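Inspection log for the structure reproduced underneath, given as structure tokens.
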């Protein structure tokens, strides 16, 4: 099933969970180029950032982002990429052990989204 981000009702979610590698694209020097991306991210008031090993948050990004969103940053617990977690879930494999408990508790009610491909 393919879904475009603009077609999905994200307003019912209060937080966006993303990796620190994605967070770096929020810095003004990086510029989120596509207007639909800007619109998508602006709908959230809270960001949950999972720091990834090897993806240090660039200087100035924390300040820039924290002026626009409520942000909580969690240190890395696992080197597993979100794409691997989604793929394992689609294949019917258990994924809760692949992330911190608090993250799975947030994702579990919406895990059906793992079956959707976003463009």
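In the numbering used here, the protein residues as written are -18 to 100.
Positions of the beta carbon are idealized from the N, C-alpha and C atoms, including for glycine.
None of these values were measured; they are calculated from a predicted model.
Shown here for residue 89: same chain residues with a beta carbon closer than 8 Å to its own, the five before and five after excluded, namely 77 in chain order. Residue environment analysis places residue 83 among the exposed positions, since fewer than 16 neighbouring C-beta atoms fall within 10 angstroms of its C-beta. Spanning the alpha carbons of residue 26 and residue 66 requires a straight line of approximately 25 Å. Counting the other Cβ atoms within 10 Å of the Cβ of residue 1 gives 16 or more, which makes it buried. As the crow flies, the alpha-carbon of residue 7 is around 11 Å from that of residue 44. In the three-state reduction of the DSSP assignment, residue 38 falls in the coil class. Cβ-Cβ distances below 8 Å link residue 5 to 11, 36, 38, 39 and 42 in the same chain, with the five nearest sequence neighbours on each side left out; the list follows chain order.
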